[in-house]
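Read through the structure below, which is laid out as structure tokens, and then see the notes.
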Amino acid sequence: MDYSNRFFKVALLSFSLSATVLSGSDAIAANTPSNAQNASNSHRVFPSVTLPEPANGEHAVGLLGARLPEVAAWYGKTTAQFAKMIREDKSVWLDKQGRVFYIEVEAENQQIPTEPITTPQTSLNEQQTFLLHSKPDADRVIFLDFDGHVTTGRQWNTSYNVGTITSPAYNTEGTSASFTQAELDRIYLMWRQVAEDYAPFNVDVTTQEPAQALITNSGSGDSQFGTRVVITQDNFANCGCGGFAYVGVFNYVGDRYKPAFVFNSSVVGAGEAISHEVGHNLGLWHDGQTDGTGYYTGHGSGVTGWAPIMGVGYYQQLVQWSMDTYPLANEPADDINDIQYYGAPLIPDDHVDGMNIVNDVTAMTVTTNGTTDQLDAFGLIHLSSDQDMFKFDAAVGSYSISIQPDDVSPNLDIEASLYDSGGALLQTDNVANILSASLDGSFASDGTYFLKIDGVGKGDPLNGGYPDYGSLGQYIISATVQSPSNLQGPTANISTSGYLPDYAPTSVYFSSAGSTDDLAIVSYSWLFGDGTGETTSSPAEDPTHEYLAPGEYIASLTVTDSDGLSAQDSVAVSVLNRVPVVAIAASPLTGQAPLEVTFGSTGSKDDDPQSSINFDWDFGDGTSSTEAKPTHIYTAAGDYTATLTVMDNLGASDTANIAIDVEAPAFINQLAYGEIFTAGTVSGNYHDSALDSGSSQTITERQSGGKKKNRYSYLTHTWLFSIASGSSVEIHLDASMSNSPDDQMILSYSLDNGANYIDFAALLSDDSGHYSTMLPQGVSGEVRVRVKDSDQNAENIASFDSIAVSNLYIRSETDASLTNPVAPSGLVATPVSSSQIDLNWTDNSSDESAFHIERSLDNINWNAAGTVSADTSSYSDTGLAANTDYYHRVYASNGAGNSEKFTTGIATKTPAASELNLTAIGRKDKGVKHIDLTWAIYPLIDVYLDDMNTPSFYGTDIEAELITTPYEYDIDTGIKGGGSHKVKVCNAGGGDCSQEVTVYF
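Going by our numbering, the sequence shown opens with residue 702, and the numbers climb by one from there.
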């Protein structure tokens, strides 16, 4: 069976259900949805709900409490209906905001009865498989994502507490590196299955990834949107389920509640699950039974064994949209109207319903040999009330008409009726246990005849049958009748006389010898398969064509005789492809890390005309490039093999290698990974005081407490380092002091976590310069550098002294006895707020001295973000811009140098700036530090003080102190003295957080 051409036509760059986009002459508007809601959910505000955790069953009902009626009404249900559904269907869950999502507990069994015994071969390659479209011109889209996906910033990340969900590609053959032909065949058949389920709707089911803007509903006026379904393996939820999806979010403004996930892998199991999960996105609920069955599995057997799509369709062959007309149906539903309501409109009617206006009836396509006519037509039943009418001419004699539904996953049970030109019924066919229809007989007279196609049900839906409600979908008509013209058509024959495959440019002589007709051939139309062609009038003009580029071409000849009848023949032409030539160069080939190497590909070429090559560099350290002449920095010592592969546009390739020897650097510079605010007013942070930051950090004295006569000015500030051992270790910084004629700023260091400090410099008055000191030999690990004023005597409050620190670092001479640390892995970036991304990674080394984090806006230009001590595997990158994409990478260092850098590889977007609009003002009450907060939204909030990962005060703790908006709260720190504090607030138990604010005392 050739599954690639039954219903779907191949275009140059896409596959489409071409007939489904034909314009009907009496287009029927979509029915008005019967959903109880009177406004699209995309324009309605969801009730403000905050739950402590996702929940299902009785627990979820209890957590909703007084908000149950509001949420139920939003979903178009009564309070009783909604509560009953949640209690009885354990696959219904509420997230922390009270929105409904399904976790499909009914996963596929290992053996599904309806699974094909063998997978039909489609002959589609990988490129073609991922260019499939059902309705490429539709505004709505259902994207079937089989090649892996990264999910960040979505409700799934929040609910499962996973910053980045990296879903692997669909894989049933044991390797994720590429798709096997069997996997491609399965993907094609799944696409066919889903395309048939959604054929009545004007939505494009596609395997080609659309631009995100074509999935996202940006708001009023945006007509192009849809959903994404990720078909993958469950590597984060561990649900043991078939998939999960949110309800009623297809036309939701934004992407917060997408994509849907499918974890089944078989053709039927995954295909049915895809349609089912998209159904949830389109507002559909489960089809269950009043006896407590969560999913109705259907009834009957064979090709007419029936089940609802929103039940379980794994075990029956006829799986349709439903009005819940089956035994013990648990609630009324109207799938087709609800799907329209949530954003997927019906397609227009493609063929008229009757024969009242003969000129409006679709004429079937005719191919004749002069004796018999071959008739063909295609159509789609899109509503139970839809009927399609066709007409054709036939002479006296036999006829045979076959009408077939979709041959992969049909939803249409066909009834066919044949009428004469006067409207008299001649024959009807609808066999009870067969979906197709056929009409055979003999016409008694020449004339015009009419064929009507209808979708029908079977028997009693409550006793083993099904209604015509969901009997919808595509069909194809093939018929033979006696030709009214009784003409003899020509025969075409094309050949390439004497041609043997050769390299381009090459000339091919085409011959029409063997093409015949009972009268005369008047036209020879040639297509050469490369976009060119010509027409000749006799064999003497048979053409010679020059192919300018390599490739596999199909040339065709169409001959037309004097009666206007035609025939076609084709032949394959192979033009050989030369393998491209690779040339590789690099400079320098040796040097100390970090070593910047410029690579070249001059001399790489493809001698085929009209050919092109692309470049694929593997630098040997886990990084790559597709530039022709890239520049790369090797950060760690080692012997590397850089590889260049050039590939032409037909897939032929050549590869070359070059060795790069990177030596350990003479020394490494290490930056502070944190700081301790003890006393003083601080401008800037430890990033600003770091080497090459281009900025500085200023610490200014503050006044002590106590009686006025005993008060004094003072400051103390400490920077934290985690350093590598070396033959020599030195502290370096630039510093300048201002204001005081008699006070000093003492620079010192500690090697025992601050228990003891050793002074190494003192600044007086307007001193400014570079300061350094040598640390004891063999020192490594935690080092602290401190600045402290020298005069803390009473009444020393005449002025507040300041010190500015910049270019602060500790230099370690590399240790030849060490090797570079093993690179970290598994870097995960989680957006926490509009200004913060949390990073977590796996520490694979046992001898690192520190980890270094870098960030980038373009994955090309990188800046230092921070440093953390050894044996640390997390970092919070703060002070970021809202609604901005950031890339991150991390590497380890020790006395030998740096490890390779491990990157997320993808950007992580910070959320849009919150509407919380937090302000924080510090004050003191009897010496105790207080922070007064005000914010704009959410009456219940969690407060984060200094620790940006764990709330210090929860919503239930502070509820009593809230007033009407703007809301206020007084943080009593219980701490006296100076320093600074970081603070942010989030909606209680949720993920909408304010910016981070630093308050100085």
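C-beta: ideal position from N, C-alpha, C; glycine also.
With 16 or more other Cβ atoms inside 10 Å of its own Cβ, Thr1609 counts as buried. Beta-bridge partners assigned by DSSP to Lys1092: Ala1064 and Phe1151. The DSSP-derived three-state label of Met1024 is coil. Distance from the CA atom of Glu1247 to the CA atom of Thr1261, rounded to whole angstroms, is 25 Å.
For Pro1240, no alpha helix (DSSP H) run applies, since DSSP gives it neither H nor E.
Considering only Met1348, Asn1440 and Asp1548, the residue with the shortest C-alpha distance to Ala1425 is Asp1548.
Positions of the beta strand (DSSP E) runs, each at least 3 residues long and wholly inside the region 1080-1135, are given as 1088-1095, 1098-1106, 1115-1120 and 1126-1130 in order along the chain. About 17 Å separates the beta carbons of Gln1183 and Thr1066, which is beyond the 8 Å limit, so they are not a contact pair. Cys942 places its beta carbon 7 Å or farther from that of Val842.
Here His1418 carries a strand assignment [DSSP, helix/strand/coil]. The Cβ-Cβ distance between Asn1599 and Thr1303 does not fall below 7 Å.
Taken through DSSP and simplified to helix, strand or coil, Gln1493 comes out as coil.
Scanning Ala1133, Ala1138, Met1056 and Ile1102 for the CA closest to the CA of Ser1122 turns up Met1056. Around Leu1127, the same chain offers Leu1119, Tyr1120 and Asp1121 as residues with beta carbons nearer than 7 Å, after the five sequence neighbours per side are excluded. Comparing C-alpha distances from His760 to each of Thr779, Val793 and Ala781 shows the shortest one belongs to Val793. Assigned with DSSP and collapsed to three states, Val863 falls in coil, not helix or strand. In this model, Gly1385 and Thr1399 are separated by some 7 Å (Cα to Cα). Here DSSP, grouped into helix, strand and coil, assigns Glu1376 to strand. Annotated three-state conformation of Pro1281 is coil, per DSSP.
Closest in C-alpha terms to Arg855, from the list Thr1611, Phe1654 and Ile1676, comes Thr1611. Rounded to whole angstroms, the separation of the alpha carbons of Gly1455 and Ala1593 is 25 Å.
Under the three-state reduction of DSSP, Pro1191 is assigned to coil, being neither helix nor strand. Within the DSSP bridge table, the entry for Arg1556 names Asn1564 and His1589 as partners. When C-alpha distances from Thr994 are compared across Glu978, Val1013 and Ser976, the shortest belongs to Val1013.
When the five nearest sequence neighbours on each side are left out, the beta carbons in the same chain lying within less than 8 Å of the beta carbon of Ser1503 are those of Thr1399, Ile1400, Thr1401, Glu1402, Met1438, Ser1439 and Asn1440, in order along the chain. Looking at the backbone, the Cα of Ile804 and that of Ile1082 are separated by about 32 Å. Within a 10 Å sphere around the beta-carbon of Lys1408 sit fewer than 16 other beta-carbons, which makes this residue exposed. DSSP, reduced to helix, strand and coil, places Ala1571 outside both helices and strands of the structure shown, so it counts as coil. Going by beta carbons, Gln990 and Leu1019 fall outside the 7 Å limit. Leaving aside the five residues that flank Lys1092 on each side, the residues in its chain whose CB is nearer than 8 Å to its CB run, in chain order, Met1056, Val1059, Val1062, Thr1063, Ala1064, Met1065, Thr1149, Tyr1150, Phe1151 and Leu1152. Beta bridge pairing from DSSP links Cys1694 with Cys1687. For Val1132, the number of other beta carbons within 10 angstroms of its own is below 16, and it is reported as exposed. Ranking Val762, Thr1259, Phe951 and Ala781 by CA distance to the CA of Asp1270 puts Thr1259 first.
In this structure, the CA atom of Glu1555 is about 13 Å from the CA atom of Asn1541.
With respect to the C-alpha of Ser1550, the residue from Asn1560, Ala1524 and Gln1537 having the closest C-alpha is Ala1524. Contact annotation: Thr1515 and Pro1667 have beta-carbon atoms that are not nearer than 7 Å.
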